[in-house]
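Colleague:
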Amino acid sequence: MRAMNGTGKSGRATALAVGVCTCMLTLGLSGCVFTTPSRAEVEPEPIEAVLTSDDLVNDGVLTVAMDTTDAPQAMTDADGAPSGYYADVARALAERLGLDLKVVSSANASNAIEDGEADIYLGTKIADDDEGLAVTEAIVGDASSVFAHNDDGSREVPALDADSLAGSVIAVQSDSASQDALDRGGVDATLKACSNVNECFEALSSGAADYVVCDATAGAYLARAYPGTVFVATVGSLSTYGIAMPDVDSDLTRAVEDAMDGLQGDGTLEAIYRSWYGSLPFDLAGSRLSGLTATSDDETAGQDGEDQGETGSSSSQGDSDLTFSGDINAID
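Taking the working numbering, I'd label the letters of the sequence shown as residues 9 to 340.
1) Going along the chain, which residues of its own chain have a beta-carbon closer than 6 Å to the beta-carbon of residue 201, five neighbours each way excluded?
2) State whether the segment 202–210 contacts the segment 264–271, with contact taken as three or more CB pairs (one from each stretch) at a distance under 8 Å.
3) Within 10 angstroms of its Cβ, does residue 262 collect 16 or more other Cβ (buried), or is it exposed?
4) Tell me whether residue 131 sits in a helix, a strand or coil according to DSSP, three-state version.
5) Take every Cβ of the segment 174–189, pair it with every Cβ of the segment 217–226, and state whether three or more of those distances are shorter than 8 Å.
6) Determine contact between the segment 281–295 and the segment 110–119, defined as no fewer than three beta-carbon pairs at a distance below 8 Å.
7) Could you tell me if residue 301 is buried or exposed, where buried requires 16 or more neighbouring beta carbons within 10 angstroms of its beta carbon?
8) Less than 7 Å between C-beta atoms, sequence neighbours within five positions excluded: which residues of the same chain meet that for residue 292?
9) Using a 10 Å radius around the Cβ and a threshold of 16 neighbouring Cβ atoms, would you call residue 134 buried or exposed?
10) Measuring CB to CB, does residue 209 end up less than 9 Å from residue 228?
11) Figure out for me which residue from 70, 97 and 145 has the closest Cα to the Cα of residue 125.
12) What whole-angstrom Cβ distance do residue 93 and residue 251 have, given they're in contact under 8 Å?
13) Just tell me which of 80, 72, 79 and 198 has its CA closest to the CA of residue 102.
14) Could you give the distance in angstroms between the alpha-carbon of residue 74 and the alpha-carbon of residue 128?
15) I need the straight-line Cα distance from residue 297 to residue 67, nearest angstrom please.
16) If I follow the unbroken beta strand (DSSP E) through residue 231, where does it start and stop?
17) Can you tell me whether residue 62 is helix, strand or coil according to DSSP?
18) Could you tell me the alpha carbon to alpha carbon distance between residue 84 and residue 96, rounded to whole angstroms?
19) Counting along the chain, where does the beta strand (DSSP E) carrying residue 73 start and finish?
20) Just verifying my parser: in three-state terms, what is the DSSP assignment at residue 81?
21) Any idea what DSSP makes of residue 108, helix, strand or coil?
22) Residue 186: which of 260, 141, 275 and 244 sits nearest, CA to CA?
23) With distances taken between CB atoms, is the gap from residue 197 to residue 173 smaller than 9 Å?
24) What are the boundary residues of the beta strand (DSSP E) that includes residue 240?
25) If we ignore side chains and look at the alpha-carbon of each, how far apart do residue 132 and residue 78 end up?
26) Between residue 295 and the rest of its own chain, which residues show a CB-CB distance below 7 Å, the 5 nearest in sequence each way excluded?
27) Measure the C-alpha to C-alpha separation of residue 98 and residue 299 and round it to an integer number of angstroms.
28) Any idea if residue 104 is buried or exposed, counting beta-carbon neighbours within 10 angstroms, 16 or more meaning buried?
29) Spatial neighbours of residue 32 within its chain, please: C-beta separation below 7 Å, excluding the five flanking residues on both sides.
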């Protein structure tokens, strides 16, 4: 019978066991822990830009226009730097293309692109394609929506329809599209008029109102500061916003579309969306509150609640007095 030595299976197993025990003992005695490098310590893989000066307004730079008064989609921070959901999407897009980023403020996609101020425009209503522009890549939807508050801080969404809102107190911004949506929907409730959306959520949190109705994106953004506040359903017509680009088959349009496909495919776009809007569904189609009376603009809406929208080209115009007390942005 052959004798087992240190190089046999038994010897290797023994050596491995000794090594593991030694490692565990060392960790126990020294207090050492295993760590992973911080984000700042990880060097991103360089991306070679495929777009040239012939494709871009500024060589080596993706110039993105957006309406920086359309909070919380686009705004400026205390230092005047671009902020908001669109700004973060623009940063991710520029990084994916291997380009630097420049943000310019403009309320009109056609002017920004056709006048050579920007390469693309973030935040154009998809239904409003202008001649010479193509609006693709849906990045956000918006509609007047109901928000509720759970006193126990849970994320449970209450089961509601138009009838169950009867007799309730709904906080809504005065003279807003959301107030109009409630009137058109035939909701029989007491409306608590507020000067801005922040005041609506304060009323909801304090118990002075049972629900808030406001733009979905504004409400979802503010709801993050009020634990237990949840999106319930839409009550107004749905508008979808995307990226406007020159309506030509060019290296720029193909590169942007490919980069956006990548951001959607690897979860980057969803992560950015969640950081700004929490649990708000990315696709609001099918979220319409049941039992609403369809009148006025809603008569032209499709079965999923989509039509030309109620607030014009800017998705926050319906609640234009949106204000923010303090910085509740999740991305610095």
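A virtual CB, placed ideally from N, CA and C, is assigned to each residue, including glycine.
Modeller: From the atom records:
1) Cβ within range, chain order: 182.
2) Using a C-beta cut-off of 8 Å, the segment 202–210 makes no contact with the segment 264–271, since fewer than three inter-stretch Cβ pairs fall below that distance.
3) Label assigned to residue 262: exposed.
4) Strand.
5) The segment 217–226 and the segment 174–189 touch, with three or more beta-carbon pairs separated by less than 8 Å.
6) Under the Cβ criterion (8 Å, minimum of three pairs), the segment 281–295 does not count as touching the segment 110–119.
7) Exposed, because fewer than 16 other Cβ atoms sit within 10 Å of the Cβ of residue 301.
8) 149, 151, 224, 242 and 246, listed in sequence order.
9) By the neighbour-count rule (16 or more Cβ atoms within 10 Å), residue 134 is buried.
10) Not closer than 9 Å, so no.
11) Residue 70 is the option with its Cα nearest to residue 125.
12) Wrong, their Cβ atoms sit about 13 Å apart, outside the cutoff.
13) Residue 102 has its Cα closest to that of 72, out of 80, 72, 79 and 198.
14) The straight-line gap from Cα to Cα measures roughly 9 Å.
15) One alpha carbon belongs to residue 297, the other to residue 67, and they sit about 48 Å apart.
16) Per DSSP, residue 231 lies in no beta strand (DSSP E) segment; the continuous alpha helix (DSSP H) that holds it begins and ends at 224–231.
17) Note: residue 62 maps to coil in three-state DSSP.
18) When rounded, the distance between both Cα atoms is 12 Å.
19) Residue 73 -> beta strand (DSSP E) spans 69–74.
20) Looking at residue 81 - three-state DSSP - the assignment turns out to be coil, as it is neither helix nor strand.
21) Note: residue 108 maps to strand in three-state DSSP.
22) Minimum Cα distance to residue 186 is reached at 244.
23) The answer is yes: Cβ separation under 9 Å.
24) If you look at residue 240, you'll find it in the beta strand (DSSP E) that goes 237–242.
25) Rounded to whole angstroms, residue 132 to residue 78 spans 11 Å at the Cα level.
26) Excluding sequence neighbours, residue 295 sits near 241, 242 and 289.
27) Spanning the two alpha carbons is a distance of roughly 39 Å.
28) By the neighbour-count criterion, in which 16 or more other beta carbons inside 10 Å mark a residue as buried, residue 104 falls on the buried side.
29) The pLDDT assigned to residue 32 is 49, lower than 50, so where the model puts this residue is not dependable; a value taken from the coordinates is nonetheless given after this. Excluding positions up to five away in sequence, the list is empty.
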